[in-house]
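Taking my numbering, the leading residue of the sequence shown gets 7, the next gets one more, and so forth. Every residue, glycine too, gets a C-beta built ideally from N, C-alpha and C. This structure is a prediction, so every number in the text was calculated from the model and none was measured.
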Amino acid sequence: MWEQIMEYAATDGIWALLFLALFVYQLKDSKKREEKYTATITGLTEGLNALEGIKQDIKSIIDTIDATVQPEDRVFAKRKRRTEKSEQNQVSDQ
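Dropping the structure here:
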């Protein structure tokens, strides 16, 4: 295939040869760019997988804490009670 293209470029002169050179350069450049994009996507995918693992670890830690701590001692329960108290205070102030 490349031999036929080179023969065609040789018969049509300098413009065909210039086009061919630029075309080959563009193909090689595109291949390098695609390899970089693929490496970037692979790295981002690995990072996302690491975040998913961290998310699962945090969830298991929270579940363990919830299982061992009494409901009234939980941090989120305290926040909820504080919110309820502040809402009651606002209602009583009105």
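- For Q32, the enclosing alpha helix (DSSP H) stretches over residues 20-74.
- From the listed residues E58, L26, I20, the smallest Cα separation to M7 is found for L26.
- The C-alpha of Q32 is placed about 55 Å away from the C-alpha of D69.
- Excluding five sequence positions before and after D18, none of the CB atoms of its chain fall closer than 7 Å to its own CB.
- Across the structure, K37 and F29 are spaced so that their CA atoms are roughly 12 Å apart.
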